[in-house]
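Since the structure comes first, as structure tokens, the remarks are kept for the end.
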Amino acid sequence: MKILALESSCDETALTILNAQGNSLVLEKDQVYSQIDIHQQFGGVVPEVAARQHAETIIPLLDANIKSEDQIDYLAVTTGPGLITSLLLGVTAAKTLAYARNIPLVTVNHMEGHIYSNWLSNDDLVKNADKYFPSLVLIVSGGHTELVLMKNHGDYQLLGATVDDAVGEAFDKVAKLLDLGYPGGPIVSQRANNGDCSIYDLPRPMINSGDYNFSFSGLKTAVLYTLEKKKKLNSEDVDNICASFQNAVVEILLNKTMKATDEFAVKSIMLAGGVAANQQLKEALQQEARKKDLPFFFPEVKYSGDNAAMISVAAYYNILNKKNILAAKNILAASPQSNWRLFETKK
Amino acid sequence: MQEFITNNIKETNKVANDLATNLESGQLITLSGNLGAGKTVFVKALAAGLGISETITSPTFVLMKSYKVEYKKIKQLIHVDCYRLDGIEDVSDIGLQDFLNDPQTLVVIEWADKLDNLPKKNRIDVKIESLGQDKRKVVIT
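First to last, the protein sequences are chains A and B. Everything in the first sequence is counted per the numbering used here, starting at 1 for the first residue and increasing by one. Everything in the second sequence is counted per the numbering used here, starting at 1001 for the first residue and increasing by one.
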């Protein structure tokens, strides 16, 4: 079957055509039209700008990638969570096309998409997923920090989440405090590579909280206090602060993740979300997973940030499980759900 | 105008708690202060004062979050963060119009100083300033 997927929940407007047959996933088209250049001027995502850009890019993206004679079996679109103004553009485009051409529409949760980015980069997950369930998924991005137990396709339990700032947000805000620009993740990691993480003693909030929740707001504030004390900063200080900060973040994430692997007797660990691009985090998880003889999966960098390919794969497994499919007149009921919570806390 | 000097988070939380007990629906609370001043922490304490049990998380990325409330006539709390809104002046751009002055809603806006045209009616401004470590100056007007 051929699935055309659209993603427009935040920074990116993206389109994918997935050809899925049994255990074979082939991306026939995959384009991300990034808006990051525009957002850089503002130091973050500006929703109105985001929405206007989506409006300007989504039709040319469709025009360039699909012709009226092309056979498409399903349309898929991210309906939440995300920025309401941005979501609205993708959802409106997808449902208009689906309704006009009478193609069923699959409404996809953005977080589920992130989880399925792992299926794009790991063949064995596609072929032998059952072998790896239950899996422990750590989702880390600008808006989310969640530990999720994935029991099967579409069956999730939320183990813990941030009680204040998301990891990616903490990276962005620390970058802002250090005047390093946006987005904060790549630049802070890069500076951290040159730094010494033992120079600054930053806290590990909630590391011993006894649950699977996270807190990063206090860590950001600790960086602020460090800066206030220093007053003058040279380039080496910035490197060392970045290294200390990143080290604290990785230690917290690693600690909670590994604790959960024991408690829930998982058969694999997965990483997902924009912060999955962080090399130190990947290496640390890989190392710990190896000690426990657990397979560790992570998405390629191109699929860790927001993209439509992950949405198309999540749609495929929803279709196989007959979930979230709208057909004929019901297509018109598709609407953005900016607070869509996919994961149940208890089951 | 009220000014508080607080020596730790507990004391700052008490200021927020006390403020919460006097709030009415239809009001707008603006919060300003630098990165790390404790705006979200203040909102957490405010929400606790309103009897909200759900965890208040930073709305920086998603911009706007809503929480159910049962306190006097207040039915919902709308928590807005304008941190990423440099260059946006109009409250209608972020869909705030629907919530301001709604008789069942309390709106709290962080980084409100980035918005120019907020209504003055029913508005309480909270300024938080860090005086080093956990010491804060909170000015409520």
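A virtual CB, placed ideally from N, CA and C, is assigned to each residue, including glycine. This one's a predicted model, so the numbers in the text were calculated from it and none came from an experiment.
Task: Check whether ASN23/A and VAL126/A have beta carbons under 8 Å apart - done: ASN23/A places its beta carbon less than 8 Å from that of VAL126/A.
- [ ] Could you work out which residue in SER86/A, LYS291/A and MET310/A is closest to PRO299/A when comparing CA atoms only?
- [x] MET310/A
- [ ] Measure the alpha-carbon distance for LYS347/A versus LEU149/A and round it to whole angstroms.
- [x] Bear in mind that the predicted position of LYS347/A carries a pLDDT of just 43, short of 50, making it unreliable; the figure below should be weighed with that in mind. Using only the alpha carbons, I get a separation of about 11 Å.
Open item on the list: Please confirm whether LEU159/A has its beta-carbon closer than 8 Å to some beta-carbon of chain B.
Closed with: no
Open item on the list: Considering Cα atoms alone, identify which of ASN1008/B, SER1066/B, LEU1050/B and TYR1083/B is closest to LYS1072/B.
Closed with: Among ASN1008/B, SER1066/B, LEU1050/B and TYR1083/B, the Cα nearest to that of LYS1072/B belongs to LEU1050/B.
Open item on the list: Against chain A, which members of the stretch 1106–1133 of chain B pass a CB distance test of less than 9 Å?
Closed with: SER1130, GLY1132 and GLN1133
Task: Beta-carbon separation (whole angstroms), ALA260/A vs TYR303/A, contact threshold 8 Å - done: ALA260/A to TYR303/A, Cβ: 24 Å. No contact.
- [ ] List the whole-angstrom C-beta distance separating LYS29/A from LEU15/A, where the pair is believed to meet the contact cut-off of C-beta under 8 Å.
- [x] Between LYS29/A and LEU15/A the beta-carbon gap is near 7 Å, inside 8 Å, which marks them as a contact.
TODO: Report yes or no: do three or more beta-carbon pairs, one from the stretch 73–83 of chain A and one from the stretch 305–319 of chain A, lie closer than 8 Å?
DONE: yes
Open item on the list: Please classify LYS1039/B as buried or exposed, where buried requires at least 16 other C-beta atoms within 10 Å of its C-beta.
Closed with: buried
- [ ] For GLU146/A, I'd like the list of residues in its chain whose CB is within less than 6 Å of its CB, leaving aside the five on either flank, ordered along the chain.
- [x] Closer than 6 Å at the Cβ level, and outside the excluded window around GLU146/A, lie ILE139 and ALA161.
Open item on the list: Buried or exposed for PRO1119/B, going by 16 or more other Cβ atoms inside 10 Å?
Closed with: exposed
Open item on the list: I want to verify the contact list: residues of chain B whose CB lies under 7 Å from the CB of GLY143/A, in sequence order.
Closed with: PHE1061 and VAL1062
Open item on the list: Nearest by alpha-carbon distance to ASN128/A: which of THR57/A, GLN337/A and SER268/A is it?
Closed with: SER268/A
- [ ] Excluding the 5 residues preceding and the 5 following THR1060/B in the sequence, name in chain order all residues of the same chain whose CB lies nearer than 6 Å to its CB.
- [x] ASP1081 and TYR1083
Task: C-alpha gap between MET111/A and MET206/A, whole angstroms - done: 24 Å
Open item on the list: Tell me which residues share the same chain as SER338/A and place their Cβ nearer than 8 Å to its Cβ, disregarding the 5 neighbours each side in the sequence.
Closed with: GLY80, PRO81, GLY82, LEU83, ILE84 and LEU87
Open item on the list: By alpha-carbon positions, which one of TYR225/A, SER8/A and ALA20/A ends up nearest to GLN31/A?
Closed with: SER8/A
Task: 6 Å CB neighbourhood of ALA1016/B in its chain, flanking five on each side removed - done: Excluding sequence neighbours, ALA1016/B sits near PHE1042, ALA1045 and LEU1046.
TODO: Please confirm whether MET1001/B and VAL1108/B have their CB atoms less than 8 Å apart.
DONE: no
- [ ] Could you tell me which chain B residues have their CB closer than 9 Å to the CB of PRO81/A, listed as they occur along the chain?
- [x] VAL1062
- [ ] Count the C-beta pairs between the stretch 157–176 of chain A and the stretch 283–300 of chain A that are closer than 8 Å, then say yes if the count reaches three, no if not.
- [x] no
Task: Collapsed DSSP secondary structure at ALA349/A in the structure displayed - done: Because chain A is modelled from 1 through 347, residue 349/A falls outside the range shown and cannot be assessed.
Open item on the list: Measuring only the C-alpha atoms, how far is THR1012/B from HIS1079/B?
Closed with: 19 Å
Task: Min CB distance GLY1036/B to chain A below 8 Å - done: yes
- [ ] Give the straight-line distance between the Cα atoms of LYS1135/B and ASN194/A, rounded to the nearest whole angstrom.
- [x] 34 Å
Open item on the list: Suppose contacts are defined by Cβ-Cβ distances below 8 Å. Is ASP306/A in contact with GLU12/A by that definition?
Closed with: yes
Task: Where LYS347/A falls: helix, strand or coil (DSSP) - done: Confidence is the limiting factor: at LYS347/A the pLDDT is only 43, short of 50, which leaves the residue's position unreliable, though a coordinate-based value still follows. It is coil, neither helix nor strand.
Open item on the list: Which residues of the stretch 156–180 of chain A have a Cβ closer than 7 Å to any Cβ of chain B? Give them in chain order.
Closed with: THR162, VAL163, ASP164, ASP165, ALA166, GLU169, LYS173, LYS176 and LEU177
Task: Outcome for ALA64/A when other beta-carbon atoms lying within 10 angstroms are tallied against a minimum of 16 - done: exposed
Open item on the list: List, in chain order, every chain A residue whose beta-carbon is nearer than 9 Å to that of SER1032/B.
Closed with: Ordered by position in chain A, no residue passes the 9 Å Cβ test against SER1032/B, which lies about 16 Å from the chain.
TODO: Label ASN278/A either buried or exposed according to how many other C-beta atoms from any shown protein chain fall within 10 Å of its C-beta, with 16 as the threshold for buried.
DONE: With at least 16 other beta carbons inside 10 angstroms of its own, ASN278/A counts as buried.
- [ ] Decide if ARG290/A is buried, meaning its Cβ has at least 16 other Cβ atoms within 10 Å, or exposed.
- [x] When all chains shown are included, ARG290/A counts as exposed.
Open item on the list: Would LEU224/A pass as an interface residue toward chain B - the criterion being a Cβ-Cβ separation below 8 Å?
Closed with: yes
Task: Under 8 Å by beta carbon: chain B residues contacting LYS220/A - done: LEU1035 and GLY1036
Open item on the list: Can you check which of these residues, TYR99/A, ALA265/A, SER198/A and ALA20/A, is closest to LEU326/A by C-alpha distance?
Closed with: TYR99/A
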